[in-house]
Every structure is written in C-alpha cells, then in structure tokens.
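**Q** Mind having a look at this structure? Questions to follow.
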Amino acid sequence: TVQPNSIEARDAAYHLHPYSNARKAEAEGSLILEEGEGIYVTDNTGKRYIEGLSGLWSVAVGFGEQRLIDAANAQMQKLPYYHAFAQKSHTPAVELAEKLVQMAPVPMSKVFFTNSGSEGNDTVVKLLWYRANAMGQPQKKKIISRIKGYHGVTVASASLTGLPYNHMSFDLPLPGIMHAGCPHYGGFAQEGESEEQFVARLAQELEDMILAEGPDTIAAFIGEPVMGAGGVIVPPEGYWAAIQAVLKKYDILLIADEVICGFGRTGQMFGSQTMGMEPDVMVLSKQLSSSYMPISAVLVNDRVYQPVADESDRIGTLGHGYTGSGHPVAAAVALENIKIIEERDLVGNAARLSPLFLSRLKDLTANPLVKEMRGIGLIGALELKQQGDAVGVAGGAMAAACMERGLIVRNLGDTVALCPPLIITEEQMVEMFDIYADALASLSF
Ligand code: PLP
2 TVQPNSIEAR DAAYHLHPYS NARKAEAEGS LILEEGEGIY VTDNTGKRYI
52 EGLSGLWSVA VGFGEQRLID AANAQMQKLP YYHAFAQKSH TPAVELAEKL
102 VQMAPVPMSK VFFTNSGSEG NDTVVKLLWY RANAMGQPQK KKIISRIKGY
152 HGVTVASASL TGLPYNHMSF DLPLPGIMHA GCPHYGGFAQ EGESEEQFVA
202 RLAQELEDMI LAEGPDTIAA FIGEPVMGAG GVIVPPEGYW AAIQAVLKKY
252 DILLIADEVI CGFGRTGQMF GSQTMGMEPD VMVLSKQLSS SYMPISAVLV
302 NDRVYQPVAD ESDRIGTLGH GYTGSGHPVA AAVALENIKI IEERDLVGNA
352 ARLSPLFLSR LKDLTANPLV KEMRGIGLIG ALELKQQGDA VGVAGGAMAA
402 ACMERGLIVR NLGDTVALCP PLIITEEQMV EMFDIYADAL ASLSF
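Printed below as a string of structure tokens:
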C-alpha cells in the first residue's frame, strides 16, 4: 500500500507511466530509484539491485560514469544548446556524425540525428517516402517489418512494431506497413520442420508477400539483427542471408534497427556484423550514449542519401528535423561514451563473458518451468511455460521474485530477459545468475 504524501503517492497521483497499467500504478505505486553505480541501482529505501536489463537495454558503461558526467558538464558550459536547422552546426554533432560513418560496418554516407529510437525509425519511413517521390516512383513506399519486431511507439514506428499492445486501440498499423513472419524457430516452426526448412519457408513467404503486393510498391524491409522486446529472438543460421537474397532480387532496401544491438551487445560492435547483414540504413540509439542523454542516429548510404538530397534541392528544403536533432550535450556524451566502449574494449568484454552468460542460462533449462533458452553475446532470456490461460503469469512471478532478491529484470510475457551493462565482470555475472537461479527455484504454480 502507498503511504499518504510519500513520493510513491505523488507518483501515483501525477504520473501517467509509459508501458504500465495505469490503474495498477495508481493503486500500487511504483518503484522509486534514487541512485546508480556501475551495474547497481538503489531505491529510495536504500535497497540495492543489479540492473539486469541495463535500464532499457541501454546503459552499456554502467551508472555513475564520471567521464560522461564531465563530458555533459563541459559541453553545458560551452554551448548547452544549438540546433542543426538552416545550415547551422556545432563540433559535437560534426564529430559524432563523422565517427559513426567511420565506425559503420558497411559504407554509409550521412547521419541524421534524432532523439529516440522511435523518432529514428519514423525518420527512416519519411526519408524513404521522400526518396520514392524523388525517384519518380511514388508507389514505392510500403515497408515490410516483422511479427514481434520492435521499432518504437510513434505513429509510423508503432506501425512497424509487430506486437499487439502497440496496435490495439491505437488504430494502427498505418496502411502500407506489413508484417512478415517472425524468425523464432521455437515459436513458429511447423511440425517436423528443420531450422533450414523454417528459414527457407520464411524467405519464400516474404517473396510471396512481395509478389502479392507488387515488388515496385515496396521500399524497404526493416529488422533488428536480434529481436529484443519481442522476446530476445536470435534468428536461425542462414536467416539473414536468405532474407537479403530476396530483397536484392526485388531491389528492396534493408534497414537494420540496431537500437539494442548496436555498440557491442551481440559481442561485435554492431548486430549487423554478427548477423552478416549489409543494411542501407542503420538506426542507432540506447547504447549510443548509454542513455545518459536521449539521442539517436539514422545512418543512410548513398542509395538513400542522393535522391533525398536531389529532392530537397528541387523542393527547396528537407522539411524534417527536431529541435533536439544532434543536441550538443547529447552528442558530446555519445562521443565520450563511444570512446569508453573502445578504450575499455567493452565489446571484447561482451564476447569474452558471453560463453559464461549463455551457459548459466542454459543450465537453468533443467528446471521444468522453463520452455526455452535464447541468447547471443550479452543478451538472453528464459521463456517460461505459460501458466493457465494468461500469458505473463509465470514471467511476472519470476520478475517479481528477482526484484525481491535484488535483481531488476523485465518479463516480456513469459520471457524473462537479461541484458546486463557491458562493463559487468565475471564475478558480478555469477552474482546476477545466482539471484536469477534462486528466483527461478522459488517459483511454484
Ligand atoms: N527499436 C528498438 C530495436 C528498440 O528496442 C526500441 C526501444 O526499446 C526502439 C526502437 C524505440 O526506442 P525509443 O524507446 O527510444 O523510442
């Protein structure tokens, strides 16, 4: 119960929470976090938790990183704000754009800055519509996403997202956005189908969808290299190669939503490298700044940039951009964050600790409540067997049991995800899994 006049009570009174049941948040209150240090956060009662999901898959360098605080402070003092409209710029935006183009695993031309993953994906949709007009192909604007893909919540991004809660009662998806099959073998394979056959079927179904819609009406295919919010879904071997072969055949662009995978999560700098993807567009956010500041970046190659530039020249301006596009403080923090990731070899740390991470998860599949284990790099999950008719009973109980024991994780239905900060040590990994295992062992239905 919520104490009158407490911070919890004031939260319940005034705060409409994202991704929460509003009535439940009013009645039960919410957890109030006060501080963070490394992989740990502390609530307002002084209880300490391991942040097993890096906040929202994002605090790569951990909490309380002094270098990011100093970078923000220095930029605040120098130039706390400027925009990038009407041919204005500033050093942090220039340096970050240059750095991202240099880091990209495939040739990229330009960077458009946005403030969130959702805005990044919305920007991609608009740039592709603009491009289609520029190329005299105004019909080539449809975008294919995937069931269980997660791309955000703004109107176009929520349409790209392939999860029911993001469409239900919002009158979405928008027309012209379709959803192809989800590459979750354990969830969608047909009886007796091998992984190879499953991949071949998904590629065939994609081709059928393209042919039914008309190949000249489809601008792009968007996907996360590894799905995150849809339940940590690692596609089977050969999936991206098969999908890319279909896209090439029909001259359809590939957008890699690297919002979770980017900056080391899969054990390489970008998920596209781990998955052998050659995207025309990449969307980056979250670990770009370790979420110390909101920032996202859309990287486009010349196939996208050149027609967009021509169209802006014909019309007179590219009529798109945000007050916060390339915000100098956010850009300065992102630059310092990338420096830390490189200097401390956090990508290497993820790769080195991945076998331990995955084997500890795998060990837990011996528990009869577990349906499946999934993971790669330092992102993973256990999917628990559904209890009764309702999805999320088992997952919710597991998340609550972890929380009680000092570990914050997130359940996506009955899938309980782990995605610790990339700075995690072997010792801390053991500590995290000991809690996770104990929580699992405590469940009984
Ligand atoms: N794309 C992916 C892959 C994500 O995981 C998310 C957020 O979780 C988004 C896009 C949306 O980002 P934001 O919440 O910053 O709008």
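For the sequence shown, UniProt numbering begins at 2 and goes up steadily by one. Don't be surprised by glycine CBs; every beta carbon is placed ideally from N, CA and C.
1. Below 8 Å on the Cβ atoms is my contact criterion, and I expect Ala335 with Ile296 to pass it. Report the Cβ-Cβ distance as a whole number of Å.
2. Which parts of the segment 61-101 are runs of the alpha helix (DSSP H), unbroken and 4 residues or longer, counting only runs that do not cross its ends?
3. Unbroken beta strand (DSSP E) runs of length 3 or more, entirely within the segment 89-173: which are they?
4. Mapping DSSP to helix, strand and coil, what is Ser297?
5. Determine whether the beta carbon atoms of Val284 and Asp258 lie at a separation below 8 Å.
6. For Gln140, is the classification buried or exposed, using 16 other Cβ atoms within 10 angstroms of its Cβ as the cut-off for buried?
7. Taking 7 Å as the cut-off, is the beta-carbon of Glu52 closer than that to any non-hydrogen atom of the ligand PLP?
8. So is the beta-carbon of Ser160 under 7 Å away from any non-hydrogen atom of the ligand PLP?
9. At a threshold of 7 Å, does Ile261 count as lining the ligand PLP (C-beta to nearest heavy atom)?
10. What does the Cβ neighbour count give for Asn350, buried or exposed, with the cut at 16 atoms within 10 Å?
11. By DSSP, does Thr275 sit in helix, in strand, or in coil?
12. Applying the criterion that 16 or more other CB atoms from any shown protein chain within 10 Å of the CB defines a buried residue, is Ala85 buried or exposed?
13. According to DSSP, is Val282 helix, strand or coil?
14. Quick one: is the Cβ of residue 1 within less than 7 Å of any heavy atom of the ligand PLP?
15. What residue range is occupied by the uninterrupted alpha helix (DSSP H) comprising Arg361?
16. Is DSSP giving Tyr323 helix, strand or coil here?
17. Out of Gly163, Lys363 and His185, point me to the one whose CA is closest to Leu175's CA.
18. Quick one: what's Phe222 bridged to in DSSP?
19. If you follow the alpha helix (DSSP H) that Phe244 is in, where does it begin and where does it stop?
20. Using DSSP with H/G/I as helix, E/B as strand and the rest coil, what is Leu17?
21. Between the C-alpha atoms of Tyr131 and Lys142, what's the straight-line distance to the nearest angstrom?
**A** Taking the coordinates as given:
1. 6 Å
2. 67-79
3. 111-115 and 143-147
4. DSSP places Ser297 in strand when its eight states are reduced to three.
5. yes
6. exposed
7. no
8. Taking non-hydrogen atoms of the ligand PLP into account, the C-beta of Ser160 is found less than 7 Å away from none of them.
9. yes
10. buried
11. helix
12. So Ala85 ends up on the buried side.
13. strand
14. Beyond the ends of the chain as shown, which are 2 and 446, falls residue 1; an answer cannot be given.
15. Here the alpha helix (DSSP H) through Arg361 covers Leu347 to Asp364.
16. coil
17. Gly163
18. Ile145 and Leu255
19. Here the sequence assigns Ile to residue 244, which means Phe is not the residue at that position. Tyr240 to Lys250 is the span of the alpha helix (DSSP H), which, as asked, contains Ile244.
20. coil
21. 9 Å
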